[in-house]
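Data block below; observations after.
Chains as they are written, first to last, in the working numbering: chain R, 1 to 467; chain P, 468 to 605.
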């Protein structure tokens, strides 16, 4: 008897775990359905957000994969306005009865809200600059592809008698936003991320990267770097706390300066909870510090429209150390007699707006040059558990982790035990001596931004820990 | 083991860790303290990735001198090593003064899982604790 031929279908099925997002016309259909159903209710205005996410993640620890998870979901979020009141309700079902129920829930919630005297009519149709961040190889990455990559990284750790842990994820997402005044906006993107922690005895190190394009980073190179640093970090010695010159890798810079983003919100200044209150248009940082918010930057991600559907503008937040501009939602702009910049959060919200695509100006230096130029200092891989101690002086506290190395006379000479820092970001950004090129950085405390490595003098380490 | 929702794997997390009440009356504890600082209302928190070195700061405090609350203090902070800190605890107030605190948004895991936590405690005294590091300039 002839054995049954291997089914082409099964091979296809094995690769077919890359889900397909709905076509944009289907998102538009859902928006149109909601708006049609809302017309027969008491809603004076209606806004619909449709978000579809398809994510998968492979997790490994102790040099082996121990979880592989994937999800594919759709969320429809409906905001209605009635008599100066507004509220939002969400569903993940797209049949008409469920959409109708969500509209009614939104209206019922709206009726129980106080009138909002600052509530504006919804915006009308807008024009958007297109951004293209849907990368097919990222979407097509399968569980098997991820497993093969993780296997190579773990094999390297095993060869080095080290232990690897981390994640490799990829996904696709899309959003559509429409309202009863004819506005419609849609956006889709892919994302991939690889993060690895390597342990060798009591020492550890870490590397991470993400991008819309899975080809933009090399997981095995990240693994190799983490393995090298973990080995170098064994036998860390203790140094006294104090003020040191530090060389901050981009992830360390990101997780610190990331805490500045909400200070550039107009609503934060109106509420007097920004470190920029009474400091706008003054020389606050060093002249080598310039910051923009730019969703169109090639290393950035995210939609080119905000939570109300306004197009995002590129805003020069800081120019050569002088904070010059803020970002404005429609409500904050009206209150300040300014133009909205397209950074508003979806309504209702407490915070107004924020720049979500920060890009720091870089320089011509490099980590190697920063090390070579340092007589005595510390090379910092990343920072951890960063929290705000003083919101106006922007004093942040946190720890170093995953590789802290002493630099002496232009060379890395060994590992040191981790420090706690208490450091004002305002002071720090006045003490930047060298900047590397701005790169897409990813950490654990702040969302991704484009930031450079920095060499900073007089960084304040206040205490040392036991490892 | 807990999971945030139907679409997440359970992960190990301790969402409800409380300190058992002790035997001290709050006013007696203040009166028994010759030289100290009473700190209230946490405002910042940070600890290393092996949970040794920590620093917390609070909104308000009072100096305690000779068993009495005297001068109000702004943003007091304290820090230390976890094991040393808890070994320095020498008084815990009784259940009459116990309150449940917690945070609504403790985050862990990849993908992220957010969960409320509940942590109860009575006022307690700790000896030889380092204070003021958050605002030190050394």
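Even glycine gets a Cβ: it sits at the ideal position worked out from N, Cα and C.
Check	Outcome
N- and C-terminal bounds of the beta strand (DSSP E) containing residue 267(R)	Premise fails: residue 267(R) lies in the alpha helix (DSSP H), 266-270, not in any beta strand (DSSP E).
Cut-off 7 angstroms between Cβ atoms - residues of its own chain near residue 1(R), not counting five sequence neighbours on either side	Here residue 1(R) scores only 42 on pLDDT, less than 50, and its place in the model is too uncertain to base an answer on.
Contact belief for residue 280(R) with residue 340(R) at Cβ below 8 angstroms, rounded distance in angstroms	So it is not a contact: roughly 18 angstroms between Cβ atoms.
Within 8 angstroms, strictly: CB atoms of residue 451(R) and residue 257(R)	yes
Residues bridged to residue 199(R) [DSSP beta-bridge criterion]	163(R), 204(R)
Local conformation of residue 214(R) per DSSP, three classes	helix
Limits of the beta strand (DSSP E) - the one that residue 68(R) falls within	64-82
Residue from 547(P), 548(P), 528(P), 516(P) with nearest C-alpha to residue 537(P)	528(P)
Residue-chain proximity (residue 598(P), chain R), Cβ-Cβ < 8 angstroms	no
DSSP three-state assignment for residue 371(R), whether helix, strand or coil	helix
Stretch pair the stretch 404-413 of chain R + the stretch 267-281 of chain R: three plus CB contacts closer than 8 angstroms	no
Contacting residues, own chain, Cβ-Cβ under 7 angstroms from residue 548(P) (five flanking each side not counted)	519, 520
Counted within 10 angstroms of its Cβ, other Cβ atoms place residue 355(R) as buried (16 or more) or exposed	buried
Interface residues of chain P facing residue 167(R) [CB-CB closer than 7 angstroms]	577
7 angstroms Cβ cut-off: residues of chain R touching residue 472(P)	Near residue 472(P) there are no residues of chain R at all, since even the closest Cβ is about 10 angstroms away, more than 7 angstroms.
Chain P contact residues for residue 466(R), given Cβ-Cβ distances below 8 angstroms	517, 519, 520, 548
Spatial distance of residue 205(R) from residue 344(R) (CA atoms)	38 angstroms
8 angstroms Cβ cutoff, residue 418(R) in contact with chain P	yes
Beta strand (DSSP E) segments (min. 3 residues) lying fully within the stretch 234-269 of chain R	242-248
CB contact below 8 angstroms: residue 540(P) versus chain R	no
Residues from the stretch 476-501 of chain P in contact with chain R, defined by Cβ distance under 7 angstroms	476
Residue 602(P), DSSP secondary structure in three states	helix
Closer than 8 angstroms at the beta carbon, the chain P residues around residue 398(R)	513
beta-carbon residue 398(R) near the ligand GTP non-hydrogen atom, thresh 7 angstroms	Ligands in the displayed structure: none, and consequently the ligand GTP is not present.
Residue 189(R) at chain P interface by Cβ criterion, 8 angstroms	no
Short CB-CB distance (under 8 angstroms) between residue 395(R) and chain P	yes
Contact set between residue 603(P) and chain R, taken where Cβ atoms lie within less than 9 angstroms	422, 460, 462
Alpha carbon of residue 613(P) to alpha carbon of residue 492(P), nearest angstrom	Chain P is shown only over 468 to 605; residue 613(P) falls outside these bounds and no answer can be derived.
Integer Cβ distance of residue 241(R) from residue 462(R), believed to fall under 8 angstroms	6 angstroms
Residue 492(P) - DSSP class collapsed to helix/strand/coil	coil
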